[in-house]
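Accompanying notes for the structure given below.
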Amino acid sequence: MVSKDEKLNRIKNDIFEKIEEYYKVKGEKSFIPGKDRILYAGAVFDEKEVISMVDSILKGWFGLGAKAREFNDLFSNYLGVFKTVLVNSGSSANLLALSSLCSKKIKKPIKKGSEVITPAVTFPTTFNPILQTDLKPVLVDVDIATYNCNVEQLKEAVTSKTSAIMLPHTLGNPNDMDTVMDIVEDYDLYLIEDNCDSLGSEFDGKKTGSFGVLSTYSFYPAHHITMGEGGAIAISKKDMQLYRTIRSLRDWGRDCWCEGDELSPNGACKKRFDWEINGIKYDHRYIYSHIGYNLKPTEIMTAMCLEQFKRINKFTRKRRENFQYLYNNLKKYEEYLILPVHHKKANPSWFAFPITVKNDAGFSREDITSFLEKKGIMTRLIFAGDITKQPAYKDISFRISGPKKNAENIMTNAFFIGVYPGLDMPRLKYINGIFNDFFKEVK
Ligand SMILES: Cc1ncc(COP(=O)(O)O)c(C=O)c1O
């Protein structure tokens with residue numbers, strides 16, 4: 157007699173085989189030049205991610221579970237950090253990073269009202285947590301071809317009120333981490349690396365995201381790996397208080413730090429029901445030591461991310477190759493365009509290919525981006541540009557350290573195109589051809 161479990165396994169395998177067949181028939185999407193749009197980014201996945209997600213659905217455990225544990229360990233090993241905590245977006249990771257460093261539960265909490273230095277050209281939710289945690293933003297200019305913080309201004313911006321630096325590695329390009337770490341150590345500051353756009357990038361052979369006390373990741377489809385929406389926060393050095401604080405703030409503010417997932421639903425400590433508050437016996441999982449959030453992703457999302465992460469080295473290689481292929485062609489237009497530059501110790505895993513149109517180019521950013529867009533090549537701007545110029549921030553008081561000349565230039569003249577692993581040779585050749593056509597018209 158075939159047991160129920162055997163029957164279920166057989167059906168499950170049939171489903172998985174059908175999914176495989178679906179993706180085999182679907183195959184790679186061929187490219188019709190001039191008809192198909194070339195995205196600036198997108199999820200690259202196949203039956204493996206879908207089977208992993210369906211497997212989680214059939215299992216019926218939707219909260220974080222075994223796959224999340226596996227991902228956290230693999231990801232921490234890859235970065236060379238102490239712990240990783242999954243969240244539901246890169247924005248949530250940034251909010252958790254600053255919120256946890258302000259918590260009274262950690263050894264040296266950031267004082268309310270102290271200053272956090274960050275670049276003027278930024279993504280809104282890299283910047284917003286500074287305001288959301290009642291800290292004061294201090295803006296520094298960026299360098300034109302790296303799009304990263306100007307390190308001289310960064311150093312000059314430090315005062316006795318400075319507590320932290322919120323540092324994105326813009327579009328995958330690592331900051332000058334020798335100088336940044338000198339500043340962090342000299343002035344005893346917290347460094348948070350917004351590594352949302354730079355998973356796989358390295359500085360001096362060390363992964364970005366492993367320098368700061370905390371680093372953050374986005375797994376939105378435009379990023380290096382994806383789980384639909386989602387993200388993570390990594391803690392670089394062993395610090396159980398900080399780890400528990402991050403978990404607590406992510407999970408409604410609860411005090412209990414046991415995983416409490418499918419592997420140990422009643423907690424691993426076996427003391428869950430032995431706690432009390434104000435003389436009342438109370439379940440540890442319902443004791444709240446922070447005013448928290450719920451920023452958790454689901455196990456189904458994690459199932460996708462786990463499979464995506466197995467591809468990270470291939471993705472990183474392809475991003476670098478695509479960047480180089482586009483660079484080799486665009487180099488001949490340096491009379492008109494400022495091409496991206498990286499520090500000599502940096503090995504970026506590019507998120508995208510940034511370009512700034514020179515002031516004396518004889519054409520505007522809109523001329524070139526509308527030409528590219530009309531030919532089906534997606535372009536994007538460098539996020540918010542100079543954040544002080546965005547309508548949401550018109551009433552915010554910033555301390556601005558030095559002139560923001562480059563921030564203004566970038567907001568006016570810069571844009572980016574994609575380098576993501578979904579760009580194959582026919583698409584890359586098409587992009588180069590369209591740039592060549594544009595410059596034939598300009599010359
Ligand atoms: C540098 C940076 N930080 C944070 C985020 C926010 O990530 P998410 O969209 O996952 O909230 C993004 C989004 O693209 C980003 O580019």
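Counted from 1, the sequence shown has number 158 at position 2 by this note's numbering; the numbering is strictly sequential.
Backbone N, C-alpha and C fix where the C-beta goes; we use that ideal spot for every residue, glycine too.
Asked	Found
Span of the beta strand (DSSP E), counted from its first residue to its last, around residue 374	370-374
Proximity to residue 594 [Cα-Cα], best of 492, 577, 559, 568	492
Spatial distance of residue 158 from residue 165 (CA atoms)	11 Å
Length of the line joining the Cα atoms of residue 497 and residue 407	41 Å
Cβ shell of residue 307 (< 8 Å), same chain only, five flanking positions each side left out	331, 332, 335, 336, 339
Cβ-heavy atom distance, residue 233 to ligand 1, below 7 Å	no
Through-space distance from residue 316 to residue 201, alpha-carbon basis	48 Å
Runs of alpha helix (DSSP H) wholly within the region 243-308 (minimum 4 residues, chain order)	246-257, 280-288
Residue 246 CB to nearest heavy atom of ligand 1 below 7 Å	yes
Distance, residue 437 Cα to residue 426 Cα	15 Å
Within-8 Å CB hit, residue 391 to chain B	In the structure shown, chain B cannot be found, because there is only a single protein chain.
Cβ neighbours of residue 133 in the same chain (closer than 6 Å, five flanking residues each side left out)	The displayed coordinates of the chain run from 157 to 599. Any statement about residue 133 would go beyond what the structure contains.
Unbroken stretches of the alpha helix (DSSP H), 4 residues or longer, contained in the region 529-574	561-569
One or two residues paired with residue 509 in a DSSP bridge	573
Residue from 233, 512, 460 with nearest C-alpha to residue 573	512
From 319, 429, 447, 433, residue whose alpha carbon lies closest to that of residue 439	429
Beta-carbon proximity check, residue 348 vs residue 276, cutoff 8 Å	no
Three-state class that DSSP yields for residue 403 in the structure shown	helix
Host beta strand (DSSP E) of residue 391 (start-end)	387-391
Beta-ladder partner(s) of residue 341, from DSSP	None, per the DSSP bridge assignment.
Coarse secondary structure for residue 209, derived from DSSP in three states	helix
Simplified DSSP state of residue 383, which is helix, strand or coil	coil
Residue 374 CB to nearest heavy atom of ligand 2 below 7 Å	As presented, the structure is devoid of ligand 2, carrying ligand 1 as its sole ligands.
Residue 250: CB within 7 Å of a non-hydrogen atom of ligand 1	yes
One or two residues paired with residue 516 in a DSSP bridge	None; residue 516 has no bridge partner.
With 16 other Cβ atoms within 10 Å as the buried cut-off, status of residue 181	exposed
Proximity below 8 Å, CB of residue 467 to CB of residue 187	no
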